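Take the sequence shown: its position 182, counted from the start at 1, is 182 in this note's numbering, and no numbers get skipped. Every residue gets a Cβ at the ideal spot worked out from N, C-alpha and C, and that includes glycine. Note that the coordinates shown come from a computational prediction; the quantities given were computed from them, not determined experimentally.
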Amino acid sequence: MSFSAAQFKQQFPLFSQPENRELVYLDNAATTQKPAVVIDAVRDFYLHSNANTHRSSHRLARRATEMVERVRNQAATFLNAGSVREIIFTRGATEGLNLLASSLTEGLAAGDEIVLSTAEHHANLVPWQMAARRHNLTIRYVPDEKGIPQFARLPEVLSPRTRIVSVTAGSNALGFRSDLELLRRMLRGRDLRWIVDAAQLAAHQLVDVQAIGCDFLVCSAHKFYGPTGIGLLYGREQWLQQMPPWQGGGEMIADVDLQSSHYAELPHKFEAGTSSLAAIAGLGACIEFLQQQDRVAMAAHEQGLLKSLHGQMAQLPGIELLSHGENNLGILAFSDSRFAPVDLMHWLDGKDIAVRVGHHCAQPLVRASGHSATLRASLAAYNTQEDVDRFVSAVAEFVQQLDSEKSAAVSEELAITDGWQADDFSALDLDALRSRRGWQERYRLLMQWSKSIAAKPAIRLPENTVKGCESSAWLAHQALHGKHYFALDSDSRVVKGLGAFLLLQLNGKSAEEIRQTDLESVFRELEFEKHLSPSRSNGFYALMQRVNELLGSVA
């Protein structure tokens with residue numbers, strides 16, 4: 001077999017829609033797109049088989065039950081489980097980890113230990129923290145370097161009290177793969193339960209739980225081309241038998257009286273309520289779809305793109321790469337001291353390139369790397385070299401327009417008070433913003449306007465914080481001779497640009513003049529709401545609200 005990214009991509013209807021034909025989708029670590037067979041399977045279930053499972057005996061219920069158990073068999077093969085009884089359907093990896101954190105800690109004694117890594121997704125941190133508080137357990141962490149776990153040093157934190165080790169198979173924030181073979185050797189023979197979070201792994205390689213040697217493994221279908229709302233929990237049958245159920249009701253019950261209940265056999269003991277049956281049908285189609293692909297060739301294609309992506313980005317001046325192109329699950333993560341990652345994200349979105357910014361639900365890892373947020377581009381098999389080139393070209397264009405040589409001017413009209421002075425917006429022209437054709441041109445000018453906002457460390461105080469902005473922002477106020485002046489500072493160039501747009505129309509005016517200024521209509525006229533993210537638009541309105549609060553305080 002071989003692999004063609006072009007032919008593979010043709011099987012994903014989203015990319016053939018008129019509005020998406022130029023889309024470069026690089027947010028695959030968050031969720032992948034769905035092939036037609038998955039979409040058809042979900043639709044087919046509702047058209048031909050929609051009924052609840054197991055208890056009813058009518059024709060539709062029998063068909064739905066047969067489908068669920070068929071897909072369970074497919075999932076067992078997909079993960080190479082020893083038995084279908086070892087496959088639990090969940091809503092996703094997060095629910096699977098919550099189930100394990102609840103059930104596995106139920107019989108532990110105070111002082112027993114759970115070992116995690118600093119690179120975990122919040123879904124593999126928070127449930128264990130909650131369980132540790134409930135049962136007075138101790139959480140220990142694998143030694144790390146700048147947040148990256150050093151798994152060779154795992155024995156340093158293992159002790160006779162270690163009962164659970166739960167670690168990621170690959171970082172969703174930086175993309176590095178964990179050495180599962182090393183972990184298997186170090187954990188072999190120990191009286192503990194080893195859990196693997198394979199949410200990022202399953203899309204990029206075959207998963208063999210018997211070869212890995214773990215006791216439990218979780219993954220989410222939407223990360224490997226399947227539907228949302230369905231995931232898999234693999235568990236060794238001997239341990240699942242011993243674990244208490246997590247939720248009660250529905251299919252997990254064998255017999256109920258007023259004082260006690262008896263639970264169903266595996267795997268139904270852990271599947272309370274009605275499962276997402278259409279999503280299970282889609283999962284089955286997804287597994288069949290992947291089995292028809294050359295997974296080795298798919299992985300080689302992705303790794304080739306990843307190498308090119310890291311290589312090209314390393315040539316751009318000022319870019320700090322936090323990820324590496326080797327032993328990586330298809331993720332590029334970077335930052336740049338000259339701009340906030342969210343500013344670049346909006347620029348890329350204007351060029352129809354989808355990426356993600358933030359801490360990626362891995363705050364301890366990102367903070368340990370010295371950042372509060374990064375920009376992440378993540379690859380899938382339908383991505384192409386053209387996608388990579390367009391992304392790098394767009395980033396390069398954004399970087400080239402940065403001009404750090406000019407400092408912002410300040411108004412001489414207002415003396416320095418409380419350590420700040422009002423910015424000078426006399427060179428800004430609102431009509432110039434109106435005349436720009438297209439969002440990219442307006443965005444470019446808005447970024448230039450951001451340079452009119454000087455750094456004001458003196459106003460970065462808790463009382464000046466603007467709540468509701470996507471990036472940190474501070475707004476201070478002075479009144480002089482009946483006129484009002486505002487000072488803004490932010491880590492984001494977009495916030496500064498929006499702040500300049502706002503303050504251009506407010507500074508030096510009376511309270512009454514400010515109240516009569518219809519800023520919202522101008523905001524809509526310039527189509528800011530259409531092209532800025534909801535949180536970014538809400539940030540603009542948060543600035544306006546803060547202005548009104550400051551005016552009210554001196555009224």
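Gln-74 counts as buried, since at least 16 other C-beta atoms from the protein chains shown sit within 10 angstroms of its C-beta. Contact annotation, Pro-341 with Leu-290: C-beta distance approximately 32 Å; criterion of less than 8 Å not satisfied.
The stretch 79-127 is shown to contain whole beta strand (DSSP E) runs of 3 or more residues at 87-90 and 113-116, in chain order.
Here Arg-338 carries a coil assignment [DSSP, helix/strand/coil].
Contiguous beta strand (DSSP E) elements confined to the stretch 249-307 occur at 253-256 and 261-263, taking only those with 3 or more residues. A straight-line Cα-Cα distance of about 28 Å links Met-447 and Arg-21. Under a 10 Å Cβ-count criterion, His-268 is classified as buried, with 16 or more other Cβ atoms of the shown protein chains found around its own Cβ. Ser-435 and Ser-450 have their C-alpha atoms spaced approximately 18 Å apart. If the five residues before and after Lys-351 are omitted, its C-beta is found closer than 6 Å to the C-beta atoms of Ala-394, all from its own chain and listed in chain order. Here Phe-486 carries a strand assignment [DSSP, helix/strand/coil].
Distance from His-121 to Cys-361 at the Cβ level is roughly 5 Å; contact confirmed, criterion being Cβ atoms closer than 8 Å. Partner residues in the beta bridge of Ala-476, as assigned by DSSP, are Ala-487. Per DSSP, Phe-216 is one residue of the beta strand (DSSP E) stretching across 216-220. If you look at Asp-387, you'll find it in the alpha helix (DSSP H) that goes 385-400. For Leu-158, there is no enclosing alpha helix (DSSP H), as DSSP marks it with neither H nor E. For Arg-367 and Gln-242, the gap between their C-alpha atoms comes out near 38 Å.
Residue pairing from DSSP places Lys-509 in a beta bridge opposite His-484. Per DSSP, Ile-319 lies in no alpha helix (DSSP H) segment and is marked neither H nor E.
Phe-501 has its alpha-carbon roughly 8 Å from the corresponding atom of Leu-430. Burial state of Glu-181 is exposed, judged by a 10 Å Cβ sphere holding fewer than 16 other Cβ atoms.
When C-alpha distances from Thr-31 are compared across Asp-191, Ser-166, Ala-109 and Ser-220, the shortest belongs to Ser-220. By the Cβ criterion, the stretch 132-143 is not in contact with the stretch 269-276, since fewer than three pairs of Cβ atoms, one from each stretch, lie closer than 8 Å. With fewer than 16 other Cβ atoms inside 10 Å of its own Cβ, Pro-18 counts as exposed.
The Cβ-Cβ distance between Val-357 and Ala-380 does not fall below 9 Å. DSSP links Ala-377 through a beta bridge to Leu-332.
The Cβ atoms of Ala-354 and Leu-26 lie closer than 9 Å to each other. Annotation for Val-196: the continuous beta strand (DSSP E) segment containing it runs 193-197.
The C-beta distance from Val-165 to Val-84 rounds to 26 Å, too long to meet the 8 Å contact threshold. Distance from the Cα of Phe-216 is smallest, within the candidate group Ile-88, Val-71 and His-58, for Ile-88.
For Ser-510, the closest C-alpha among the options Lys-496, His-477, Glu-529 and Thr-138 is that of His-477.
Where Val-494 is concerned, there is no enclosing beta strand (DSSP E), although the alpha helix (DSSP H) around it starts and stops at 493-504. Within a 10 Å sphere around the beta-carbon of Ala-254 sit fewer than 16 other beta-carbons, which makes this residue exposed. DSSP places Leu-233 in the strand class (E or B) of the three-state scheme. Between Leu-309 and Leu-344, the CB-CB gap reaches or exceeds 9 Å.
9 Å or more divides the Cβ of Ala-211 from the Cβ of Tyr-225. Between the stretch 184-196 and the stretch 152-170, the count of C-beta pairs closer than 8 Å reaches three or more; the two stretches touch.
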